[in-house]
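Worksheet: the structure to be examined is printed underneath.
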Amino acid sequence: MREVFYSKAVNEALDEELSRDSSVIMIGEDIGCYGGAFGVSKGLWEKYGAERIWETPISEGSFTGIAVGAAMMGMRPILEIMFMDFVALALDQMMNSAGKLHYMYGEQVTVPMVLRTPGGAKGGYGPSHSQMLSNLFVGIPGLKVVAPSTPMQAKGLLKAAIRDPNPVVFIENKRLYPQKGEIPDGEYLLPLDKAEVLSEGTDITLISYSSMTPVCLAVKNALKPHGINLEVVDLVSLQPLDTDTIFASVRKTGRVVIVEEACLTGGVGGEVSALIAEHCLDSLEAPVIRVGAADVPIPSSLDLEKIVLPQADDIVQAVKRIREWT
Amino acid sequence: MQLSTDQLLDFYHLMVKIRSFEETLGSLFSKGLLGGTSHFCIGQEASAVGVVQGVRDTDWLVSNHRGHGHLLARRLDVYRVMAELLGRETGYCFGRGGSQHMCSMDNHFLGTNGITGGGIPIAAGAALALKCQKSDSIVVVFFGDGASNQGTFHETLNIASLWKLPIMFVCENNLYGMSNPVKCSVAGGGRIAPRAAGYAIPAQTLEGRDVELVWETTRQAAERIRNGGGPELLELMTYRLCGHSKSEPRVYRTREEEEQMAKFDPLVTFPKRLLELGCTQEQIDNAANSARQMVEAATQKALQDKPGDRQVALSGVFAKEEVSK
Ligand SMILES: Cc1ncc(C[n+]2csc(CCOP(=O)(O)OP(=O)(O)O)c2C)c(N)n1
Ligand SMILES: [Mg+2]
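Those protein sequences? They're chains A and B, same order as listed. If you read the first sequence in the numbering used here, its first letter stands for residue 286, the second for the next number, and so on. If you read the second sequence in the numbering used here, its first letter stands for residue 7, the second for the next number, and so on.
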């Protein structure tokens with residue numbers, strides 16, 4: 286095992302897959318000598334050249350469609366969308382082409398593409414550069430959606446996503462890029478449809494993904510001295526949801542807090558909550574509580590941003606509430 | 007290049023097949039046997055046949071919502087096209103796609119597309135794949151004057167030009183996007199070809215109802231593109247002699263205009279030209295009759311087929327393995 290940054294784990298997955306399979310290409314803005322806005326694609330253009338790393342003009346609507354067309358013809362394009370907020374411009378091709386073509390064209394084509402994009406707030410980027418739009422894609426049939434929280438998950442999932450015959454939305458996170466974690470030395474792949482119990486516990490289940498998972502783990506450590514033993518389940522895959530793992534944890538603890546960086550309304554947390562209510566009502570000892578961003582755009586001011594986004598203390602309060610429920 | 011008598015008669019046969027197919031759809035609609043909507047290309051058959059026959063069968067086609075002409079000019083099986091429209095399991099896409107979402111990879115037909123302008127970047131992506139794979143095939147993408155107002159058109163022309171992609175942009179300018187006349191939607195006088203200049207793409211405007219001219223122009227452009235010359239754009243001036251979809255009342259134009267335009271109906275003008283070129287009336291009639299009979303037989307056969315079941319409706323969202331070429 287060795288320790289790498291989350292951004293490096295992503296970079297290694299790209300590098301290894303580009304080298305393994307000549308049909309893998311990258312498409313995106315400033316992914317040439319600049320190495321991508323967050324440096325995640327650094328070194329790939331130098332190594333693989335402009336015939337594999339297609340640096341585009343600022344035209345998300347078109348180059349997302351280009352990825353679809355190339356994928357239909359046997360290539361494996363990886364898109365880099367600079368900030369998740371910009372997926373709005375790529376959405377038509379993702380929902381009307383990528384997600385639909387295999388089904389609507391009678392299974393004559395596959396669309397093996399990956400849309401990589403960093404979601405979430407990094408601190409002060411403001412309304413057009415900070416949103417976690419995980420909810421946007423999960424309601425579109427035909428798309429797989431993953432949101433890794435650790436370097437380990439990031440590398441193994443991205444490699445699997447690139448090899449998957451379906452379009453995969455791969456949600457990275459700006460706040461996670463500089464976080465470190467251990468990964469194996471050799472090659473490994475992770476399944477795209479499995480949640481991960483990151484830390485076992487007995488009292489309450491915290492369910493989260495992406496940037497909120499490290500926060501949940503920190504809350505677990507902080508509450509341990511108070512005699513509260515939290516279980517932390519990382520969803521990893523948002524579409525499909527790994528209900529087996531989720532339900533098993535809920536049945537064990539009977540108490541659940543769902544934590545996400547996205548807005549509460551219409552979010553993945555709501556979907557998970559509904560599934561738990563449908564399938565695990567007998568096991569529940571308290572209502573399922575969701576913690577997420579307020580339903581407002583993400584403000585630029587660091588102080589305002591903090592008010593809008595879920596904080597560790599919000600999770601602590603939710604844990605207290607649920608613990609005291611009788 | 008000179009077209010042989012056989013080729014000329016074959017073009018006419020294909021044009022009648024397209025017309026007859028859509029007239030049949032019209033009667034199926036009125037009998038309530040067909041659901042949804044459908045966009046006919048009545049009056050535009052020459053541009054479909056001229057372009058599709060002007061490229062190789064191994065070149066890839068991407069079409070739009072008005073795609074029956076493109077599908078049949080590529081010689082997809084009329085029976086399976088009809089079955090798809092009728093929602094039968096035997097259709098090219100099991101009835102999941104219908105008129106606006108039909109694909110046949112065996113025919114190098116990458117699909118009709120229900121999103122105006124949606125097929126344009128997909129076609130460029132296919133061209134990028136061909137370039138990466140060092141193929142000598144090219145991609146032809148059909149779209150309308152209306153689609154040339156979408157961002158995808160402009161973004162894709164720019165990228166295709168920068169990357170020198172092997173793609174032919176074919177705009178069928180039929181003077182209207184639904185009800186919207188080009189004079190009101192395309193700034194600068196309603197022509198699309200001049201727009202290509204902004205992206206350093208060679209473009210020409212030509213009479214799209216002259217199948218021989220369309221064929222010859224396409225053939226020459228295709229060879230230049232195939233030889234690495236980069237993208238080109240053809241603007242084919244044409245006219246749809248029917249409503250935008252199914253049977254809409256066409257309140258946005260006059261009956262006089264339509265009568266005037268009907269004189270240029272390629273199915274009226276081309277048989278006269280065939281006589282001039284030395285074809286006999288009997289040959290011409292045979293080409294037309296055989297086309298109509300094929301459509302009739304295909305329709306009767308497709309009507310007997312059954313629609314898909316729950317399995318067809320609920321499966322196939324995700325692929326287990328890659329199936330593209
Ligand atoms: C994104 C989108 N907007 C609107 C429509 C509805 N619509 C379908 S065809 C059409 C007109 C297209 O005009 P043009 O591109 O000139 O093609 P034509 O119908 O004339 O062949 C419109 C507005 C659509 N299908 N997709
Ligand atoms: Mg038009």
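By construction, the Cβ of each residue, glycine as well, lies at the ideal position given by its N, Cα and C atoms.
Buried versus exposed, by CB contacts within 10 Å (16 or more), residue i
| i | result |
| --- | --- |
| B:Lys-331 | The predicted position of B:Lys-331 is uncertain, since its pLDDT is 49 and thus under 50; a value taken from the coordinates is nonetheless stated next. B:Lys-331 is exposed by the Cβ-count criterion. |
| B:Asn-119 | buried |
| B:Tyr-85 | buried |
| A:Pro-595 | buried |
| A:Ser-304 | exposed |
| A:Glu-563 | exposed |
| B:Gln-210 | exposed |
| B:Glu-254 | exposed |
| B:Arg-316 | exposed |
| A:Met-358 | buried |
| A:Gly-354 | buried |
| A:Asn-451 | buried |
| A:Tyr-494 | buried |
| A:Glu-516 | buried |
| B:Cys-190 | exposed |
| B:Thr-162 | buried |
| B:Ser-26 | buried |
| A:Tyr-319 | exposed |
| B:Val-257 | exposed |
| A:Ala-375 | buried |
For residue i, the nearest candidate out of the options (CA to CA)
| i | options | result |
| --- | --- | --- |
| B:Gly-235 | B:Tyr-245, B:Ala-206, B:Val-318 | B:Ala-206 |
| B:Val-274 | B:Arg-256, B:Ser-251, B:Leu-309, B:Leu-247 | B:Leu-247 |
| A:Asp-315 | A:Phe-290, A:Val-593, A:Phe-368 | A:Phe-368 |
| A:Met-379 | A:Gln-438, A:Val-454, A:Asp-449 | A:Val-454 |
| A:Phe-290 | A:Arg-608, A:Pro-436, A:Lys-505 | A:Pro-436 |
| A:Val-295 | A:Tyr-473, A:Ala-406, A:Gly-409 | A:Tyr-473 |
| B:Val-146 | B:Arg-81, B:Ile-290, B:Cys-99, B:Ala-227 | B:Ala-227 |
| A:Met-417 | A:Leu-549, A:Glu-609, A:Ser-586, A:Glu-297 | A:Leu-549 |
| A:Leu-566 | A:Val-581, A:Glu-545, A:Val-500, A:Val-541 | A:Val-541 |
| B:Leu-31 | B:Asp-65, B:Val-87, B:Ser-10 | B:Val-87 |
| B:Arg-232 | B:Lys-326, B:Thr-122, B:Asn-295, B:Asp-142 | B:Asp-142 |
| A:Pro-525 | A:Gly-512, A:Leu-560, A:Pro-572, A:Ala-503 | A:Leu-560 |
| B:Ile-48 | B:Glu-28, B:Val-55, B:Val-61 | B:Glu-28 |
| A:Met-286 | A:Ser-558, A:Gly-466, A:Val-372, A:Ala-375 | A:Gly-466 |
| A:Asn-514 | A:Ser-495, A:Glu-485, A:Ala-503 | A:Glu-485 |
| A:Ile-343 | B:Ala-129, B:Arg-225, B:Lys-326, B:Ile-165 | B:Ile-165 |
| B:Lys-269 | B:Phe-100, B:Thr-244, B:Asp-291, B:Leu-283 | B:Thr-244 |
| B:Ser-105 | B:Ser-69, B:Ala-132, B:Ala-130 | B:Ser-69 |
| A:Gly-551 | A:Val-423, A:Pro-584, A:Thr-487 | A:Val-423 |
| B:Leu-15 | B:Lys-140, B:Glu-265, B:Val-217, B:Lys-307 | B:Val-217 |
| A:His-511 | A:Glu-545, A:Val-521, A:Val-601 | A:Val-601 |
| A:Asn-458 | A:Ser-496, A:Gln-438, A:Thr-490 | A:Ser-496 |
| A:Asn-381 | A:Gly-313, A:Lys-327, A:Thr-349 | A:Thr-349 |
| B:Asp-311 | B:His-160, B:Asn-155, B:Leu-239, B:Phe-100 | B:Phe-100 |
| B:Val-176 | B:Val-323, B:Ala-79, B:Leu-67 | B:Leu-67 |
| B:Arg-230 | B:Ile-173, B:Glu-263, B:Val-188 | B:Ile-173 |
| A:Ala-298 | A:Ile-425, A:Lys-444, A:Ser-419 | A:Lys-444 |
| A:Gly-409 | A:Pro-582, A:Ile-312, A:Thr-611 | A:Pro-582 |
| B:Thr-11 | B:Ser-321, B:Ile-290, B:Val-323 | B:Ile-290 |
* Asked: Per the contact definition of three or more C-beta pairs closer than 8 Å, is the stretch 107-124 of chain B in contact with the stretch 389-401 of chain A?
  -> yes
* Three or more C-beta pairs closer than 8 Å, one from the stretch 89-98 of chain B and one from the stretch 316-334 of chain A: is that the case here? -> no
* To do: Specify which residues have a beta carbon nearer than 6 Å to any heavy atom of ligand 2, listing them in chain order.
  => B:Gly-150, B:Asp-151, B:Gly-152, B:Asn-180, B:Tyr-182, B:Gly-183
* Stretch-stretch touch, CB-based, cutoff 8 Å, three pairs: the stretch 464-483 of chain A with the stretch 425-445 of chain A -> yes
* alpha helix (DSSP H) runs wholly inside the stretch 504-581 of chain A, at least 4 long, in chain order -> 528-538, 553-564
* Hey, is the stretch 175-186 of chain B in contact with the stretch 360-374 of chain A, meaning 3+ C-beta pairs nearer than 8 Å? -> no
* Say whether the stretch 598-607 of chain A touches the stretch 570-584 of chain A, bearing in mind that this needs 3 or more beta-carbon pairs closer than 8 Å, one atom from each stretch. => yes
* Within the stretch 35-108 of chain B, note down every full alpha helix (DSSP H) run reaching 4 residues or more, in order along the chain. => 51-60, 74-79, 84-91
* For the stretch 295-311 of chain B and the stretch 15-22 of chain B, state whether three or more C-beta atom pairs, one from each stretch, are separated by less than 8 Å. => yes
* Take every Cβ of the stretch 35-45 of chain B, pair it with every Cβ of the stretch 250-270 of chain B, and state whether three or more of those distances are shorter than 8 Å. => yes
* Stretch-stretch touch, CB-based, cutoff 8 Å, three pairs: the stretch 69-78 of chain B with the stretch 49-59 of chain B -> yes
* To do: Output the residue ranges of the alpha helix (DSSP H) runs that lie fully inside the stretch 145-180 of chain B and measure 4 residues or longer, sorted by chain position.
  => 157-168
* **Length at least 3, wholly inside the stretch 200-246 of chain B: the beta strand (DSSP E) runs in chain order** => 209-213, 238-243
* Would you call the stretch 126-136 of chain B and the stretch 401-419 of chain A touching, i.e. three or more CB-CB distances under 8 Å? -> no
* Asked: Which whole runs of the alpha helix (DSSP H) in the stretch 340-373 of chain A are 4 residues long or more, in chain order?
  -> 345-357
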